[in-house]
Amino acid sequence: MAKKQFKAESKRLLDLMINSIYTHKEIFLREIISNASDALDKLAYLSLTDDKVGLKRKDFQIKIIPDKENRTLTVSDNGIGMTKEELESNLGTIAKSGSRQFKEDLAEGEEKAASKVDIIGQFGVGFYSAFMVSDQVTVMSRAYGSDEAWCWQSSGADGYTITPCEKETVGTDIIMKLKEDTEEENYTHYLEPHRLEELVKKYSDYIRYPIRMELEDYREKPKPEDAGEDYKPEWEMVKEWQTVNSMVPIWQRQKSKVKAEDYNNFYKEKFLDWQDPLAVIHTSAEGAVQYKALLYIPAKAPYDFYTRDFQKGLQLYSSGVLIMDKCADLLPDHFRFVRGVVDSPDFSLNISREVLQHTSQLRIIATNLEKKIKAELLKMLESDREKYRKFWKEFGMQLKYGVVNDYGRHKELLQDLLLFHSSNEGEDTTLKEYQDRMKDDQPYVYYAQGEHLEQVARLPQAERILDKGYEILYFTDEVDEFIVQTLGELGGKQFKSVSDEDALPQTEEEKARSEQQAEENKPVLDFVKETLGDKIVDARISKILKSGTVCMTTDGPVSLEMEKYFNRIEQNGEQIQSRRVLELNADAPAFAALKGALDSGDKELAAKYVKVLYGQALLIANLPLEDPAEYAELVCSLMK
26 MAKKQFKAES KRLLDLMINS IYTHKEIFLR EIISNASDAL DKLAYLSLTD
76 DKVGLKRKDF QIKIIPDKEN RTLTVSDNGI GMTKEELESN LGTIAKSGSR
126 QFKEDLAEGE EKAASKVDII GQFGVGFYSA FMVSDQVTVM SRAYGSDEAW
176 CWQSSGADGY TITPCEKETV GTDIIMKLKE DTEEENYTHY LEPHRLEELV
226 KKYSDYIRYP IRMELEDYRE KPKPEDAGED YKPEWEMVKE WQTVNSMVPI
276 WQRQKSKVKA EDYNNFYKEK FLDWQDPLAV IHTSAEGAVQ YKALLYIPAK
326 APYDFYTRDF QKGLQLYSSG VLIMDKCADL LPDHFRFVRG VVDSPDFSLN
376 ISREVLQHTS QLRIIATNLE KKIKAELLKM LESDREKYRK FWKEFGMQLK
426 YGVVNDYGRH KELLQDLLLF HSSNEGEDTT LKEYQDRMKD DQPYVYYAQG
476 EHLEQVARLP QAERILDKGY EILYFTDEVD EFIVQTLGEL GGKQFKSVSD
526 EDALPQTEEE KARSEQQAEE NKPVLDFVKE TLGDKIVDAR ISKILKSGTV
576 CMTTDGPVSL EMEKYFNRIE QNGEQIQSRR VLELNADAPA FAALKGALDS
626 GDKELAAKYV KVLYGQALLI ANLPLEDPAE YAELVCSLMK
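In terms of the working numbering, the sequence shown opens at residue 26 and continues consecutively.
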């Protein structure tokens, strides 16, 4: 029989289908199985109104048959099959989809019924992915209601033939003659049962019909009738047809019928975690956008979570077929720790069904999932604080970065989830809890920043705030000060560092006393600035110290902790310097000693006192001493 040419023009187009559209060759099995599933769907729908079909839903199946000897891989279904004309139309015209036409025809007749028929194929190119791994593809098909069977065969862009053939049952067999192995590609492994089973599990595990393979298994031999008491069971290797796909995914089941153990086992098996998740979110939506989602909040952060190598994303399924292993667009960065799956027939896919198109449906689903995740975390925070603390230990930093990223765009969404240490009996607190405890006369929301909790709690600047009975938030992460700058205020009150000069408003009497002390001690302050030079921008009589002798503060927007942070991440060698201010307590004995040395004319001793006080301020702020050996020598010299 004369070979026919493809109607879609040519070798170039078929080459595009085979070599350019699909990223991974293994995708071919997913595409062929999806086509088989569509054929079963069509006959299953027909069986609802046609008693002659003679098959019930449980009778439909897809078989995968590898033949190493002949180097063929067959995918067989007992679906609706194709006539000669349909073979010509569907397989002779590249990008002509019979599945899409079926659904369009169905939609014209009954819109409600069309929505229930979940046809996967859309573009009519999936079948040609078989040529990525095959030198020759043969399709043997017998349509429902026909006594004739036809054989479509092609070796690629040179065309195809259609000839009569024998086929006892209705359905379609796709027989792929695999290519020979090359240095770059191993085609033989598509004939290995374990590899085929692996691909089914990866891409087609939730196809609604059983996918069956003949697999080897050990079976106990029947016990002989004359076996004695000392008989030991014997085992033999047999081949049996086994269903290798799960068919109904856990997220498609009713929540009331899924046990916590089922959720946890699915998570650990699917995402290779050995611990149960902290929380499970099983949700669905219908209407303008239809989807089902099963999300997990892990108990432990992956080892690479806070590195550039970590890839966020949810597994994306379209009608039970895996499309993407990690769809990043469904998760915002601040919730990048979430694992899970989303399944929807409404996703707009590209022609290869490997890449998701950016659509309004995608944005709607992503927004809905974001709200669900926040609600679950808020529920955990309010009802199980200990569990939330475990979550916060692993992923709290991610939420903090989420507040400051994108110019604070997500601050309102995330601020209710933030957790900070507090001076309130050493407990952690949310911002709302802090706000609820604030005293009526409290002018600001106070915070103190440092590298360690113990260090922050002992800052001398905090003493006068605590004596007023005001609560202080203890910041120990570099990002914390950026968070309060982003938030701006809490309940109408601004955030204020305990180190700020105006952290506590002064009375007129206190102002007058501060001005008097500054004026009386101007010669001492001038000497301090002269001694330290460009190490500081100013020396002041402190308004923020109570019993403490000295502390380091800054002028301007860059605090000491910000200086540390910026210099830690700086890549080009430039150092950012805050405008350091040395604050001295005029009522402290050490200040009196400094003033006494100056008044007596012993400037050498006074300079030593200044340097010691400066070193103490650096140590209190957890800043490095410029010369520790010199500082130690200086202290020892004063101990004579």
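The beta-carbon is built from N, C-alpha and C at its ideal position, and this holds for glycine as well.
Item to check | Alpha-carbon spacing of S62 relative to Q386, whole angstroms | outcome: 25 Å
Checklist entry - From what residue to what residue does the alpha helix (DSSP H) around W417 run? => result R410 to V429
Checklist entry - Whole-angstrom Cβ separation of L689 and S159, contact assumed at under 8 Å? => result Only positions 26 to 665 of the chain appear in the structure, and residue 689 is not among them; the question remains open.
Next on the checklist: Taking 7 Å as the limit between beta carbons, can you name the residues of its chain near K665, skipping five residues before and five after?
Outcome noted: none
Item to check | Delimiting residues of the alpha helix (DSSP H) encompassing E479 | outcome: L478 to A482
Item to check | Three-state secondary structure (DSSP) of G196 | outcome: strand
Next on the checklist: Using a Cβ-Cβ cutoff of less than 6 Å, which residues in the same chain neighbour I306 once the five nearest sequence positions on both sides are dropped?
Outcome noted: L320, K397 and E401
Checklist entry - Are the beta-carbon atoms belonging to P189 and E173 less than 8 Å from one another? => result yes
Checklist entry - Pick from Q510, F520, Y215 and V583: whose alpha carbon is nearest that of N674? => result Here the chain covers residues 26 to 665 and nothing more, so residue 674 does not appear.
Item to check | Which residues DSSP lists as bridging H219, in chain order | outcome: DSSP lists no partner for H219.
Next on the checklist: What residue range does the beta strand (DSSP E) around V637 cover?
Outcome noted: Here V637 belongs to no beta strand (DSSP E); instead the alpha helix (DSSP H) covers K628 to I645.
Item to check | Neighbourhood of T97 by C-beta, 6 Å cutoff - its chain only, sequence neighbours within 5 removed | outcome: I200 and K202
Item to check | Where the beta strand (DSSP E) containing V553 begins and where it ends | outcome: V553 -> not in any beta strand (DSSP E); alpha helix (DSSP H) instead, spanning K547 to L557.
Next on the checklist: Just to confirm, is the Cβ distance from A543 to T574 under 8 Å?
Outcome noted: no
Item to check | Buried/exposed call for F552, threshold 16 Cβ in 10 Å | outcome: buried
Checklist entry - How should D287 be labelled, buried or exposed, when 16 other C-beta atoms within 10 angstroms of its C-beta is the threshold for buried? => result That one is exposed.
Checklist entry - Got a sec, what are the start and stop residues for the beta strand (DSSP E) S309 sits in? => result A304 to A310
Next on the checklist: Taking DSSP's pairing of strands, which residues face A182 in a bridge?
Outcome noted: Looking at the DSSP output, A182 shares a beta bridge with no other residue.
Item to check | Neighbourhood of K554 by C-beta, 6 Å cutoff - its chain only, sequence neighbours within 5 removed | outcome: Non-local C-beta neighbours of K554 in its own chain, meaning closer than 6 Å and more than five positions away in sequence, comprise A564, ordered along the chain.
Checklist entry - At which residues does the alpha helix (DSSP H) containing D242 begin and terminate? => result D242 -> not in any alpha helix (DSSP H); beta strand (DSSP E) instead, spanning I236 to E245.
Item to check | Alpha-carbon to alpha-carbon, F296 and Q336 | outcome: Each residue's Cα considered, the two are about 13 Å apart.
Checklist entry - Going by C-alpha distance, which of H446, R462, L643 and D66 is nearest L557? => result L643
Item to check | When A155, P530, R414 and E534 are compared against F445, the one with the closest alpha-carbon | outcome: Nearest option by C-alpha distance: R414.
Checklist entry - For the alpha helix (DSSP H) that E286 lies in, which residues bound it at each end? => result A285 to F296
Checklist entry - When you compare only the Cα positions, how much space is there between I90 and R237? => result 9 Å
Next on the checklist: For F507, report the span of its alpha helix (DSSP H) as first-last.
Outcome noted: Unbroken alpha helix (DSSP H) run through F507: D505 to L512.
Checklist entry - Is the distance from the Cβ of V162 to the Cβ of T197 below 8 Å? => result No, the Cβ-Cβ distance between V162 and T197 is not below 8 Å.
Checklist entry - For E191, which of helix, strand or coil comes out of DSSP? => result coil
Checklist entry - beta strand (DSSP E) containing R604: first to last residue? => result R604 to L609
Next on the checklist: Between the alpha carbons of A69 and L240, how many angstroms are there, rounded?
Outcome noted: 27 Å
Next on the checklist: Cutting at 8 Å between CB atoms, please list the residues of its own chain near K633, excluding the five before and the five after it.
Outcome noted: L659, S662 and L663
Checklist entry - Does DSSP put S539 in a helix, in a strand, or in coil? => result helix
Item to check | Top-ranked residue by Cα proximity to V504, from E479, E586 and D580 | outcome: E586
Next on the checklist: Can you give me the C-alpha to C-alpha distance between V470 and Y231, rounded to a whole angstrom?
Outcome noted: 53 Å
Next on the checklist: Quick check on E658: does DSSP put it in helix, strand or coil?
Outcome noted: helix
Next on the checklist: Among the candidates K589, L607 and W175, whose CA atom is the shortest distance from the CA of D580?
Outcome noted: L607
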